[in-house]
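Enquirer: All residue numbers for the sequence shown refer to my numbering, where the first residue is -14 and numbers rise by one.
Beta carbons are placed, not taken as given, at the ideal position from N, Cα and C, and that holds for glycine.
For clarity, every value in this text was computed on a predicted model and none was experimentally measured.
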Amino acid sequence: MDITTVQIQESRLRQDLLDLARFGEDQGRGITRTALNDADLAARQWFKERMRETGLKVYEDAAANLIGRMDSTVGPTDGPCIATGSHIDTVAQGGKFDGALGICASLEALRAIRESGLSLPCPLELLVFTDEEGSHFAGTFGSRAMFNLLQEGEMEKSRGTGMTNLAQDLKRMGKDPQKIGQVVRSPSEFRAFLEVHIEQGPVLESMGIPIGIVEGIVHLGRYLVRVEGKTGHAGTTPMHLREDALVKAAGIITTVNEAILSAGPEIVGTIGELRVHPGIINVIPGEVEMALDLRSVKEATLASVKKKIVEIVHSTDKAKIETIITKGGVKMDPGIMEAIELSCRQRGIPFHRLWSGAGHDAMTFPTQHIPTGMIFIPCVGGKSHCPDEAIRCEDAATGAQVLADTLVRMAFKAEQ
Ligand code: GLV
Ligand code: MN
Ligand code: MN
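(1) Looking at the strands, I want to know which residues DSSP matches up with Thr308.
(2) Who sits around ligand 2, taking every residue whose Cβ is closer than 6 Å to one of its heavy atoms?
(3) Taking the beta strand (DSSP E) that Asp154 falls in, what are its first and last residues?
(4) I believe Leu135 touches Gly70 by the beta-carbon criterion, under 8 Å. Please report the beta-carbon distance rounded to the nearest angstrom.
(5) Name the two residues that bound the continuous alpha helix (DSSP H) containing Arg176.
(6) If I'm right that Ser289 touches Glu251 with Cβ under 8 Å, what's the distance once you round it to whole angstroms?
(7) What residues in its chain sit with their C-beta under 6 Å from that of Arg260, if we drop five residues either side in the sequence?
(8) With a floor of 3 residues, list each beta strand (DSSP E) that falls wholly inside the segment 268 to 336, ordered by position along the chain.
(9) Does DSSP put Ile376 in a helix, in a strand, or in coil?
(10) Name, in chain order, the residues that DSSP records as bridge partners for Ser341.
(11) For Leu112, write down the residues that DSSP places opposite it in a beta bridge.
(12) Please determine whether the Cβ atom of Gly313 lies at a distance below 8 Å from any heavy atom of ligand 1.
(13) May I ask you to report which of helix, strand or coil DSSP gives Arg(-1)?
(14) Rounded to whole angstroms, what's the CA-CA distance from Ile325 to Gly15? Just pull it up for me.
(15) How many Å lie between Tyr208 and Cys378 at the Cα?
(16) Can you tell me which residues form a DSSP beta bridge with Phe32?
(17) Helix, strand or coil: which one does DSSP assign to Glu38?
(18) Helix or strand or just coil, what does DSSP make of Gln(-8)?
(19) Classify Met359 as helix, strand or coil using the three-state DSSP reduction.
(20) According to DSSP, Leu259 sits in a beta bridge with which residue or residues?
(21) Alpha carbons only, please: which of Ala24, Gly271, Glu118 is nearest the one belonging to Ala230?
(22) Considering only their Cβ atoms, is the gap separating Gly254 from Asn242 smaller than 9 Å?
(23) Using a Cβ-Cβ cutoff of less than 6 Å, which residues in the same chain neighbour Ala104 once the five nearest sequence positions on both sides are dropped?
(24) Determine the burial state of Leu246: buried for a count of at least 16 other Cβ atoms within 10 Å of its Cβ, exposed for fewer.
(25) If you draw a straight line from the C-alpha of Lys316 to the C-alpha of Thr222, how long is it?
(26) What are the boundary residues of the alpha helix (DSSP H) that includes Gly127?
(27) Evaluate Leu155 with the Cβ neighbour count: other Cβ atoms within 10 Å of its Cβ, from every protein chain shown; 16 or more gives buried, anything less gives exposed.
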């Protein structure tokens, strides 16, 4: 069987990426298609149509994940599938390609496979996950819901006072959050999961290599720090009689940053979210909520830095820290890495193996012992999660082609 008879079309992929980027355009400040906002809901309708046009059977589950299924024409229709996909949501004021590339490349790969006339012996599924970015709470919501990995009460939680939670937003789109259990699928329904993504870092671009084969994804911890003070009048309260929550929080931010820096290059940490209450120019801040994101290739490093951070927070008067979520690092499946490598070799495409410092829905599948792989393409300047996120269209096409070839390779391998 000649896998190279499957040929993706760069122009179609380009058009899909351009069309999707119109949903959530935020007045010149990137894309704000945070999960289940109006732009995200409109983008999902658009993508469902594209999946139907491609001949997929389209479903939306109770977690609002979109599923497009291509049944096998020669094998059993209810057999385990090979799944591919990514997420459609973005961070606020994010880029056009994080998540979007993965779902559009998957769509193009499935189109190309259908057009090739090849009869695959197993079904393929295109999965579009809800709230990978965690704009509501903990991220990778859709994929974790699919395998019953949500934390108790998670859908009712948000990261800050007055922010909407997933239960509210699911209701807003007509879903019953009580029925979330209906999304749960058995790992035996999946032979494998394969995600295409932009690298979100500078390695591939700096090497001039179009394809990254991901070896693993780092450990991640997210935490919420709350600092209380006493609110009051900004003009009448003398400086020595104040308890300013933001001044205390500033001390925590600086000390936490120093602790992370001194732990060496194996760990990164960011306090990227701060809510000051009441947040008014002439009122002393009475409460601050801030979110901390820690990542490391080494679980022990993450644990020891986390311990130091807890000490820092607890040594500050009226400051608390709680865990939003921890996600263990995962390794990609060696057989799938090999299959991606073969696909690259067959078309003479240079590749490089690397780790992912970003989190992905592809972190969820290995926890269920489902063989998982990721294909990266370079992004310009290594930039991501910002309006400047950019890719070269030919790299996107290369990623989609390697995905299509690898899906076919894996489908026939699974048959043996
Ligand atoms: C998701 O993009 C993450 O790594 O935060
Ligand atoms: Mn992503
Ligand atoms: Mn992201």
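Expert: The answer reads as follows:
(1) Numbered from 1 along the sequence shown, position 323 holds the residue referred to as residue 308. The partner list for Thr308 (beta bridge, DSSP) reads Tyr208.
(2) His72, Asp83, Gly84, Glu117, His182, His345
(3) Within the sequence shown, the letter at position 169 stands for residue 154. First-last for Asp154: 151 to 157, but that is the alpha helix (DSSP H), not the beta strand (DSSP E).
(4) Residue 135 sits at position 150 when you count from the first residue of the sequence shown. Residue 70 sits at position 85 when you count from the first residue of the sequence shown. That belief does not hold up - the Cβ atoms of Leu135 and Gly70 are roughly 19 Å apart, past 8 Å.
(5) Counting from one through the sequence shown, the residue named residue 176 turns up at place 191. Premise fails: Arg176 lies in the beta strand (DSSP E), 175 to 183, not in any alpha helix (DSSP H).
(6) Looking up residue 289 in the sequence shown gives position 304. Looking up residue 251 in the sequence shown gives position 266. That belief does not hold up - the Cβ atoms of Ser289 and Glu251 are roughly 11 Å apart, past 8 Å.
(7) Translated into positions along the sequence shown, residue 260 becomes position 275. The residues are Gly145, Glu274.
(8) 272 to 281, 304 to 312
(9) For this step, residue 376 is matched to residue 391 along the sequence shown. Of the three classes helix, strand and coil, the one that applies to Ile376 here is coil, per DSSP.
(10) The count along the sequence shown starts at 1 and reaches residue 341 at position 356. Ile202, per the DSSP bridge assignment.
(11) The residue you call residue 112 lines up with position 127 of the sequence shown. Answer is Ile52, Gly70.
(12) Within the sequence shown, numbered from 1, the residue matching residue 313 stands at position 328. Flag unset: Cβ of Gly313 not near ligand 1.
(13) Taking the sequence shown and counting its residues from 1, the one referred to as residue -1 is at position 14. In this structure, Arg(-1) counts as helix in the three-state DSSP scheme.
(14) Position 340 of the sequence shown, counting from 1, holds the residue named residue 325. Position 30 of the sequence shown, counting from 1, holds the residue named residue 15. Ile325 and Gly15: Cα-Cα distance of roughly 32 Å.
(15) The sequence position of residue 208 within the sequence shown is 223, counting from 1. The sequence position of residue 378 within the sequence shown is 393, counting from 1. Near 37 Å, if we compare the C-alpha coordinates of Cys378 and Tyr208.
(16) Here residue 32 refers to the residue found at position 47 when the sequence shown is read from its first residue. Phe32 is not bridged to any residue.
(17) Position 53 of the sequence shown holds residue 38. Looking at Glu38 - three-state DSSP - the assignment turns out to be helix.
(18) Sequence index remark: in the sequence shown, residue -8 carries index 7 (1-based). Note: Gln(-8) maps to coil in three-state DSSP.
(19) For the purposes of this step, residue 359 is identified with residue 374 of the sequence shown, where counting begins at 1. Three-state result, Met359: strand.
(20) For the purposes of this step, residue 259 is taken as the residue at position 274 of the sequence shown. In DSSP, Leu259 forms a bridge with Met275.
(21) Taking the sequence shown and counting its residues from 1, one reaches residue 230 at position 245. Nearest option by C-alpha distance: Gly271.
(22) In the sequence shown, the residue the question calls residue 242 occupies position 257. In the sequence shown, the residue the question calls residue 254 occupies position 269. Yes, Cβ-Cβ distance for Asn242 and Gly254 is below 9 Å.
(23) For the purposes of this step, residue 104 is identified with residue 119 of the sequence shown, where counting begins at 1. A quick correction: the sequence has Ser, not Ala, at residue 104. Closer than 6 Å at the Cβ level, and outside the excluded window around Ser104, lie Thr58, Val59.
(24) Walking along the sequence shown from the start, residue 246 turns up at place 261. Classification of Leu246: exposed, given that the 10 Å Cβ count is below 16.
(25) What you label residue 316 is simply residue 331 of the sequence shown in a count that begins at 1. What you label residue 222 is simply residue 237 of the sequence shown in a count that begins at 1. Answer to the nearest angstrom: the Cα atoms are 55 Å apart.
(26) Taking the first residue of the sequence shown as 1, we reach residue 127 at position 142. Per DSSP, Gly127 belongs to the alpha helix (DSSP H) from 126 to 131.
(27) In the sequence shown, counting from the first residue as 1, residue 155 sits at position 170. Buried.
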